Every structure is written in C-alpha cells, then in structure tokens.
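Read left to right, the sequence shown gives residues 70 to 212 (my numbering). A virtual CB, placed ideally from N, CA and C, is assigned to each residue, including glycine. Treat the numbers as computed from the prediction; the structure is a model and nothing was measured. Since the structure comes first, as structure tokens, the remarks are kept for the end.
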Amino acid sequence: MTYGYMRNASAMYQDTSARGSVEGADRHQLIGMLYDGMFDRISQARGAMVRGDVPAKGQHFSRALAILGELRASLDHGADATLAGRLDALYDYVGRRLLQAQLNDDERALDEAVALLTPIRDAWRQIRETFLASQRPAAVAAA
Numbered sequence: 070m071t072y073g074y075m076r077n078a079s080a081m082y083q084d085t086s087a088r089g090s091v092e093g094a095d096r097h098q099l100i101g102m103l104y105d106g107m108f109d110r111i112s113q114a115r116g117a118m119v120r121g122d123v124p125a126k127g128q129h130f131s132r133a134l135a136i137l138g139e140l141r142a143s144l145d146h147g148a149d150a151t152l153a154g155r156l157d158a159l160y161d162y163v164g165r166r167l168l169q170a171q172l173n174d175d176e177r178a179l180d181e182a183v184a185l186l187t188p189i190r191d192a193w194r195q196i197r198e199t200f201l202a203s204q205r206p207a208a209v210a211a212a
C-alpha cells in the first residue's frame with residue numbers, strides 16, 4: 070500500500086461518515102474502517118431499498134461500491150499475488166452482486182455479499198489483534 074492510497078482511504082472513510090476517527094490510524098486500522106463503513110452502507114442501502122427510497126438507495130449503494138473500489142485498490146499484488154488475486158476476484162464478484170441488489174431490489178444478493186465479506190473483515194480484525202498481542206511486553210501480556 071502506498072501513502073497516497075492511505076490518504077484516499079482516509080478520505081473515503083470520512084466521506085462515509087462512519088464512526089470513529091481516522092486521525093492517527095495505521096494502515097491496518099484504515100482497512101478495518103473501510104470494511105466497517107462498507108457494511109454500514111450496505112445496511113443503509115437495505116433500509117432504503119425496503120422503504121422504497123430510491124435516491125437514498127442509490128447514494129448508499131454508490132458509497133458501498135466506492136469503498137469496495139478502495140479495498141480493491143489497496144491490494145498489494147507484489148506481496149502475495151495469489152491472495153491479492155483471490156481477494157480481487159471476490160471484490161469483483163461482490164461488486165456485481167451489489168449492483169444486482171441495487172437494480173433488482175434483491176435482498177438475497179445483499180445477504181450473499183455480506184456473507185462473503187464478513188469472514189474477510191473478521192479475519193482482518195483477528196490479524197490486528199494477534200499482531201498487537203505480539204507487540205506487548207511479556208509482563209503486560211501476562212497481566
């Protein structure tokens with residue numbers, strides 16, 4: 070990931086009006102925030118879809134897709150081309166399912182998108198927790 074990307078991720082997260090502050094967030098936290106922001110937007114899109122609020126539905130889907138684009142842009146194909154390629158394909162598929170949901174008011178497509186992304190988001194959180202635990206001094210970790 071490049072510094073320029075992180076500025077874009079930070080701007081994207083702020084644009085989604087998600088909870089929390091990006092001030093001082095590291096790269097790992099920013100990616101987690103993007104996932105959280107995307108899940109928030111998908112949830113809001115679902116609500117707008119159910120209410121029949123077409124303008125809000127379009128806005129929320131648009132933001133969810135933009136966040137998904139930022140997640141795709143953050144992939145480092147040089148570090149692990151296989152993993153990055155698989156995530157890229159997953160993000161592409163999820164993007165198509167979100168478009169399907171938007172165009173056809175398809176809640177099953179939303180459910181599938183969320184089901185596919187949830188394990189990735191949860192693993193991302195676990196990686197961070199494991200990393201932070203490994204950085205604690207032994208006396209602090211034992212307390």
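Point to revise | A150 in three-state terms, based on DSSP | key: Correct three-state label for A150: helix.
Practice item. Return the first residue and the last residue of the alpha helix (DSSP H) that L137 is part of. Key: Start and end: 123-142.
Check your understanding: Given 8 angstroms as the limit, is there contact between the stretch 131-141 and the stretch 104-120, that is, 3 or more CB pairs closer than that?
Key -> Per the Cβ contact rule, the stretch 131-141 is in contact with the stretch 104-120 (3 or more Cβ pairs under 8 angstroms).
Review point. Cβ atoms of F108 and L186: under 9 angstroms apart, would you say?
Key: The Cβ atoms of L186 and F108 lie closer than 9 angstroms to each other.
Check your understanding: Which runs of the beta strand (DSSP E) spanning at least 3 residues fall entirely within the stretch 158-185, listed in chain order?
Key -> The beta strand (DSSP E) runs lying completely inside the stretch 158-185 and spanning 3 residues or more number zero.
Practice item. Take the Cβ of Q171 as the centre, count every other Cβ of all protein chains shown within 10 Å, and call the residue buried at 16 or more, exposed below. Key: Buried is the call here.
Exercise for review: Give every residue of the same chain whose Cβ lies closer than 6 angstroms to the Cβ of R197, excluding the five residues on either side of it in the sequence, and list them in chain order.
Suggested key: Annotation for R197: H97 place their beta carbon closer than 6 angstroms to its own, counting only its chain and skipping 5 residues before and after.
Review point. Would G101 pass as a contact of R194 if the rule is Cβ separation under 9 angstroms?
Key: The beta carbons of G101 and R194 sit closer together than 9 angstroms.
Practice item. Determine the extent of the alpha helix (DSSP H) in which R110 is found, giving its start and end residues. Key: Judged by DSSP secondary structure, R110 falls within the alpha helix (DSSP H) whose first and last residues are 96-120.
Review point. Residues in its own chain within less than 7 angstroms of D157 by CB, not counting five upstream and five downstream?
Key: Non-local C-beta neighbours of D157 in its own chain, meaning closer than 7 angstroms and more than five positions away in sequence, comprise R141, L144, ordered along the chain.
Review point. Where does D191 sit, in a helix, a strand or coil, going by DSSP?
Key: Under the three-state reduction of DSSP output, D191 falls in the helix class.
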